[in-house]
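*Asks:* Dropping the structure in here first, questions after.
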Amino acid sequence: VNPRRAMEQIVEYKHDPGNGYTKTLLCFMQLFIVSNRDRTYYFANNNARHFAFNADERFLPIYEFADEDNRKITHLDDFAERFLKKCDLGRTISRYMVLIATEQKLMIMRPYQVYAVQHMVKCIDDDNGNGFVWHTTG
Numbered sequence: 006v007n008p009r010r011a012m013e014q015i016v017e018y019k020h021d022p023g024n025g026y027t028k029t030l031l032c033f034m035q036l037f038i039v040s041n042r043d044r045t046y047y048f049a050n051n052n053a054r055h056f057a058f059n060a061d062e063r064f065l066p067i068y069e070f071a072d073e074d075n076r077k078i079t080h081l082d083d084f085a086e087r088f089l090k091k092c093d094l095g096r097t098i099s100r101y102m103v104l105i106a107t108e109q110k111l112m113i114m115r116p117y118q119v120y121a122v123q124h125m126v127k128c129i130d131d132d133n134g135n136g137f138v139w140h141t142t143g
């Protein structure tokens, strides 16, 4: 199964009124990961309003993991080694996922955003003095 089909299956399951999705542990999942071993993607779990394909048939927002130099890590084994370690995954969920309460939307930060936040926190911890954010997106 290609990753796109796996995403479609998740969307279909969530929209099927007879499946009991809201009565299972799946509705408590914060993060989905889909892979065919060579291509691996992850995305935040959301309600139906924020969980669909757009007109271009792209699933948004969905991400590929990347290292600090923005090199994609798409093979499942490499992804698991870097992203799914218990402490790293817990840190991702607790520090790098954002709930937008007014929209009832859960977002996960892109890899480069995570590395930028980590770098800023390190600068603060190291007491490097004053600083500023010179560029933001989104």
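Sequential numbering from 6 applies to the sequence shown in the numbering used here.
Glycine included, each C-beta is placed from N, C-alpha and C at the ideal position.
Please read these numbers as outputs of a predicted model, since none were measured by experiment.
Cβ of PHE33 within 8 Å of Cβ of TYR47?
*Replies:* no
*Asks:* Please state if the CB of ASN41 and the CB of PRO8 are separated by a distance shorter than 8 Å.
*Replies:* yes
*Asks:* Would you kindly check if the distance between the Cβ of LEU111 and the Cβ of MET102 is under 8 Å?
*Replies:* yes
*Asks:* For TYR46, list the residues DSSP reports as bridge partners.
*Replies:* For TYR46, which the question treats as bridged, DSSP gives the partners VAL39.
*Asks:* Ignore the nearest five residues each way along the sequence and tell me which others in ASP43's own chain have a CB closer than 7 Å to its CB.
*Replies:* Only THR79 and HIS80 meet the Cβ criterion.
*Asks:* Please report the distance separating the alpha-carbon of GLU13 from that of PHE84.
*Replies:* 21 Å
*Asks:* Give the DSSP bridge partners of LEU104, in chain order.
*Replies:* LEU111
*Asks:* Leaving aside the five residues before and after TYR68 along the sequence, list all residues of the same chain whose C-beta is less than 8 Å from its C-beta, in chain order.
*Replies:* TYR46, TYR47, PHE48, ILE113, ARG115 and PRO116
*Asks:* Looking at C-alpha atoms only, which residue of ASN52, LYS127 and MET125 is the closest neighbour of THR27?
*Replies:* ASN52
*Asks:* For ILE98, collect the residues of the same chain with a Cβ closer than 7 Å to its Cβ; drop the 5 residues on either side in sequence, then sort them by chain order.
*Replies:* Counting only Cβ-Cβ distances below 7 Å, and skipping sequence neighbours, we find GLN35 and LEU36.
*Asks:* Would you kindly report the start and end of the unbroken alpha helix (DSSP H) that includes GLU69?
*Replies:* No alpha helix (DSSP H) contains GLU69, which DSSP labels as neither H nor E.
*Asks:* Exposed or buried, PHE126, counting other C-beta atoms within 10 Å across all chains shown (16 or more means buried)?
*Replies:* Per the sequence presented here, residue 126 reads as Val, with Phe not at that position. Exposed, since its Cβ has fewer than 16 Cβ neighbours within 10 Å.
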